[in-house]
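Protein chains in written order, with our numbering: chain P, 1 to 116; chain L, 1001 to 1114.
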Amino acid sequence: DTGVSQDPRHKITKRGQNVTFRCDPISEHNRLYWYRQTLGQGPEFLTYFQNEAQLEKSRLLSDRFSAERPKGSFSTLEIQRTEQGDSAMYLCASSLAGLADKETQYFGPGTRLLVL
Amino acid sequence: AQSVTQLDSQVPVFEEAPVELRCNYSSSVSVYLFWYVQYPNQGLQLLLKYLSGSTLVKGINGFEAEINKSQTSFHLRKPSVHISDTAEYFCAVSRYSSASKIIFGSGTRLSIRP
């Protein structure tokens, strides 16, 4: 069990550029979640997938944000035309849908984005 | 809608002293409750979770939490802390019916003094 992995771990970009982050969930997990965490705050839910289907999106996910999980395995989160307010830690989590006691979300180490 | 309030942003304690991190929740439906820990520059790790049943939940690293439904609280406790417990602690809630997303509190920074 290699856990949830995220790439890159750190990203510095200039305002207006596009960035893409990748998340690889635990292999047998069919649910995948994206959260955003700003400094001094708890994580905020962005979106989640069950297999390939994106089942819920937060109002925080503006039109500049898009997430995909094309084959039901890894996922990508893209931010277009980045703004300084997008600077945050982007966390990915995965879980196995089913019995409640199995639905623990396991988090990756996060991708820290800094928009200059 | 669900929400979580962590009553203390920072809690300093001496090593080997007991600690309690306070959390209140609100929800119009039954919920799951969680405590997560985040060590510096790392992701979140689940400490413990309440789904149903006993009001006292035991977790990893000697932590436990007790749900009080009349006061809508879910405080985290440890009888004796260690330097390695220095971290940010997050109380969280999700809906009973789907657990599709977790709503986190703003966190409590626990600092341990030798």
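Built from N, CA and C at the ideal position, the CB exists for glycine as well. Please read all numbers here as calculations on a predicted model, not as lab measurements.
Query, Result
"Within the present structure, is the beta-carbon of S1003 of chain L separated from the nearest heavy atom of the ligand GDP by less than 6 angstroms?", "The model on display carries no ligand, and the ligand GDP is accordingly not part of it."
"I'd like to know if the region 1107 to 1114 of chain L and the region 45 to 62 of chain P are in contact, where contact means that at least 3 CB-CB pairs between them fall below 8 angstroms.", "no"
"Would G72 of chain P pass as an interface residue toward chain L - the criterion being a Cβ-Cβ separation below 7 angstroms?", "no"
"Please confirm if G110 of chain P has its CB atom under 7 angstroms from at least one CB of chain L.", "yes"
"In terms of DSSP beta bridges, what is H1075 of chain L paired with?", "L:E1066"
"I need the straight-line Cα distance from T82 of chain P to G1053 of chain L, nearest angstrom please.", "46 angstroms"
"Who are the near neighbours of H10 of chain P in its chain, counting only those whose CB is closer than 6 angstroms to its CB and skipping five residues on each side?", "R112"
"Note down the Cα distance separating S1098 of chain L from P1018 of chain L, rounded to an integer number of angstroms.", "Low local confidence applies: a pLDDT of 49 at S1098 of chain L is under 50, so the model's placement there is unreliable, with the coordinate-based value given in what follows. Taking the straight line from one Cα to the other gives about 35 angstroms."
"If we cut at 7 angstroms on Cβ distances, does Y90 of chain P have a partner in chain L?", "no"
"Since L1051 of chain L and Y1032 of chain L should fall inside the 8 angstroms C-beta cutoff, what is the C-beta to C-beta distance between them, to a whole number of angstroms?", "6 angstroms"
"Which of helix, strand or coil does DSSP assign to I1102 of chain L?", "coil"
"So, for E78 of chain P: in the same chain, excluding its five sequence neighbours on each side, which residues have a beta-carbon less than 6 angstroms away from its beta-carbon?", "T20, S66"
"Ignore the nearest five residues each way along the sequence and tell me which others in F1063 of chain L's own chain have a CB closer than 8 angstroms to its CB.", "W1035, L1047, L1048, L1076, R1077, K1078"
"Could you name the residues of the same chain whose beta carbon sits closer than 6 angstroms to that of V1093 of chain L, not counting the 5 residues immediately before and after it, in chain order?", "Q1002, V1004, Y1025, V1031, L1033, I1103"
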